[in-house]
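A quick write-up on the structure given underneath.
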Amino acid sequence: MTLATTTTGWTREKAAEVIAEHRNLDGPALPILHALQETFGHVPDDAVPLLAEALNLSRADVHGIISFYHDFRHAPAGRHVVKVCRAEACQSMGGHALAEGLLHRLGLQWGGTTGDGQVTIEPVYCLGLCATAPAALVDGRPVGRLNREKLDAVVNEVRNDWSHTGRVGA
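If you count the sequence shown from 1, position 94 lands on 93 in numbering that gives the first Met the number 0, and the numbers rise without skipping.
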């Protein structure tokens, strides 16, 4: 399973179609943003004015919603997404050094994607896996009790496409 689902190339027509499908829902902004991200792999900047117009919001309002929720992306994620917990329990168990080391080894900043497009590293604030700190989600699957070797092994496994093994970080 990869996080990116049905990513399609951006077209104004497709974005308008996605917006139209959801605009009559109660509180449609979040469902529309999620649908745009599912369709395009991110929320394209060019979709912001379309959404603003459809919902009678300012562009600033739409940008505010997008920036408030950490799961909305401005660029497509890699084929696999590793979300590293940044909350206090994981930090107290060495999570900060672990995450910084991983970012350094991959040559990335938070939210960055490896040059081969395989892995995106994102921060997340509390996975609820405090008893197994430090922890991460790899393509939505929890991995706990991380150390450098285990985290590197998990990342290398997804880079080599773990989908044919059916498991992550044994």
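Cβ coordinates follow ideal geometry from the N, Cα and C atoms, glycine included. Treat the numbers as computed from the prediction; the structure is a model and nothing was measured.
Measure the C-alpha to C-alpha separation of residue i and residue j and round it to an integer number of angstroms.
{"i": "leucine 107", "j": "glycine 114", "result": "9 Å"}
{"i": "asparagine 159", "j": "leucine 50", "result": "38 Å"}
{"i": "valine 154", "j": "glycine 116", "result": "13 Å"}
{"i": "threonine 131", "j": "tyrosine 68", "result": "25 Å"}
{"i": "arginine 104", "j": "arginine 22", "result": "43 Å"}
{"i": "cysteine 89", "j": "threonine 112", "result": "23 Å"}
{"i": "phenylalanine 24", "j": "glutamate 148", "result": "Reading the sequence as shown, one finds leucine at residue 24 and not phenylalanine. Taking the straight line from one Cα to the other gives about 46 Å."}
{"i": "valine 47", "j": "arginine 72", "result": "13 Å"}
{"i": "asparagine 146", "j": "glycine 100", "result": "11 Å"}
{"i": "histidine 41", "j": "alanine 28", "result": "15 Å"}
{"i": "valine 118", "j": "arginine 11", "result": "28 Å"}
{"i": "arginine 78", "j": "glycine 94", "result": "24 Å"}
{"i": "threonine 7", "j": "glutamate 156", "result": "26 Å"}
{"i": "glycine 143", "j": "asparagine 55", "result": "44 Å"}
{"i": "proline 122", "j": "leucine 97", "result": "12 Å"}
{"i": "leucine 102", "j": "cysteine 129", "result": "22 Å"}
Among the options, which has the Cα closest to the Cα of residue i?
{"i": "leucine 32", "options": "Asn23, Pro43, Val137", "result": "Pro43"}
{"i": "arginine 140", "options": "Leu54, Val83, Gly40, Ala98", "result": "Val83"}
{"i": "glutamate 37", "options": "Asp151, Tyr124, Trp9, Val123", "result": "Trp9"}
{"i": "valine 80", "options": "Glu20, Ala14, Leu136", "result": "Leu136"}
{"i": "aspartate 70", "options": "Gly26, Pro30, Asp45", "result": "Pro30"}
{"i": "phenylalanine 39", "options": "Asn55, Ala74, Gly63, Ser66", "result": "Ala74"}
{"i": "glycine 26", "options": "Lys13, Asp45, Ala53", "result": "Ala53"}
Residue i and residue j look like a contact to me (Cβ under 8 Å); what is the Cβ gap, rounded to whole Å?
{"i": "valine 193", "j": "leucine 35", "result": "Here the chain has residues from 0 to 169 only, and residue 193 is not among them."}
{"i": "tyrosine 124", "j": "alanine 86", "result": "5 Å"}
Can you tell me whether residue i is helix, strand or coil according to DSSP?
{"i": "leucine 136", "result": "strand"}
{"i": "glycine 26", "result": "coil"}
{"i": "histidine 41", "result": "coil"}
{"i": "methionine 0", "result": "Here methionine 0 scores only 37 on pLDDT, less than 50, and its place in the model is too uncertain to base an answer on."}
{"i": "leucine 50", "result": "helix"}
{"i": "leucine 32", "result": "helix"}
{"i": "valine 154", "result": "helix"}
{"i": "histidine 163", "result": "Note on histidine 163: pLDDT 45, under 50, position unreliable in the model; no value is reported."}
{"i": "glycine 168", "result": "Because glycine 168 sits at a pLDDT of 41, beneath the cut-off of 50, its placement in the model cannot be relied upon, and the point is left open."}
{"i": "glycine 8", "result": "coil"}
{"i": "alanine 19", "result": "helix"}
If we require 3 or more residues per run, which beta strand (DSSP E) segments fall completely within the segment 66-148?
Within the segment 66-148, the complete beta strand (DSSP E) runs of at least 3 residues are 79-84, 118-123, 135-137, 140-142.
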